[in-house]
Amino acid sequence: MIIYYSLTGHTKKVAQEIAKKTEDKLYEIQLDKPYKNNPLVLARFTKEKATGVIPTAHKIDIEDAVIYLGYPMWGGDMSLAMQGFLMANDLSGKHIKPFITSGTSTLKMSLKTLKKLAPDAMIDANFNSDML
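For the sequence shown, my numbering assigns the number 1186 to the initial residue and increments by one for each residue that follows.
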């Protein structure tokens, strides 16, 4: 299963490329209060980050053992939308293959948060979607 969050479409494009190669099903994270792709999104993100507010994401049934988890990097960490998803969904025992989209950040910058929010999952920090 490929689970991803994409505001601008960049992460969605990578998720779709992975799906073509793996034939896994795609799931786009849904938030109770979605972000809008406009200039005000930065103000909302900044306020949420400063106040520790994580947006609420929908809970889903995850049966697959391997999860490709895709998210954009916002402010040097995984997007708050992905954090909300991980708080709502238990990935214990799952094998997570994370992938990110970013102009300047690296996956390593988000691994601490990923391990904190999915402590009982196996995280493949060396996964690279180009190797599929």
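C-beta: ideal position from N, C-alpha, C; glycine also.
**Request:** Name the residue from Ser-1264, Asp-1249 and Tyr-1190 whose alpha carbon lies nearest to the alpha carbon of Glu-1208.
**Result:** Reading the sequence shown from its first residue, position 23 is the one you call residue 1208. Distances from the alpha-carbon of Glu-1208 to those of Ser-1264, Asp-1249 and Tyr-1190 put Asp-1249 closest.
**Request:** Determine, using beta-carbon pairs with one atom in the region 1196-1210 and one in the region 1229-1237, whether at least three such pairs fall under 8 Å.
**Result:** no
**Item:** Close Cβ partners of Asp-1305 (< 6 Å) along its chain, the five nearest in sequence each way excluded
**Value:** Translated into the one-based positions of the sequence shown, residue 1305 becomes position 120. Ser-1277, listed in sequence order.
**Asked** Taking three-plus beta-carbon pairs below 8 Å as touching, is the region 1282-1290 in contact with the region 1247-1263?
**Response** yes
**Request:** Taking Thr-1207 as part of the alpha helix (DSSP H), name the residues at either end of that continuous run.
**Result:** What you label residue 1207 is simply residue 22 of the sequence shown in a count that begins at 1. Counting along the chain, Thr-1207 sits inside the alpha helix (DSSP H) bounded by residues 1195-1207.
**Prompt:** So, helix, strand or coil for Phe-1270, using DSSP?
**Reply:** The sequence position of residue 1270 within the sequence shown is 85, counting from 1. Of the three classes helix, strand and coil, the one that applies to Phe-1270 here is helix, per DSSP.
**Asked** Using CA coordinates, which residue listed in Ser-1264, Lys-1301 and Lys-1297 is at the minimum distance from Asp-1275?
**Response** Translated into the one-based positions of the sequence shown, residue 1275 becomes position 90. With distances taken between Cα atoms, Asp-1275 lies closest to Lys-1301.
**The beta strand (DSSP E) enclosing Thr-1241, as first and last residue numbers** = Numbered from its first residue, the sequence shown carries residue 1241 at position 56. No beta strand (DSSP E) holds Thr-1241; DSSP gives it neither H nor E.
**Request:** Provide the residue(s) that pair with Gly-1255 in DSSP beta bridges, ordered along the chain.
**Result:** Within the sequence shown, numbered from 1, the residue matching residue 1255 stands at position 70. Looking at the DSSP assignment, Gly-1255 forms a beta bridge with Tyr-1189 and Phe-1284.
**Message:** For the beta strand (DSSP E) containing Glu-1213, name the first residue and the last one.
**Reply:** Here residue 1213 refers to the residue found at position 28 of the sequence shown. DSSP places Glu-1213 in the uninterrupted beta strand (DSSP E) bounded by 1211-1213.
**Request:** Assuming Ala-1266 and Pro-1283 form a contact by the criterion Cβ under 8 Å, report the distance between their Cβ atoms to the nearest whole angstrom.
**Result:** Looking up residue 1266 in the sequence shown gives position 81. Looking up residue 1283 in the sequence shown gives position 98. That belief does not hold up - the Cβ atoms of Ala-1266 and Pro-1283 are roughly 14 Å apart, past 8 Å.
**Request:** Could you pull out every residue in the same chain whose Cβ sits closer than 7 Å to the Cβ of Phe-1312, ignoring the five residues on either side in sequence?
**Result:** Here residue 1312 is taken as the residue at index 127 of the sequence shown, counted from 1. Taken in chain order, the residues that qualify are Lys-1282, Pro-1283 and Phe-1284.
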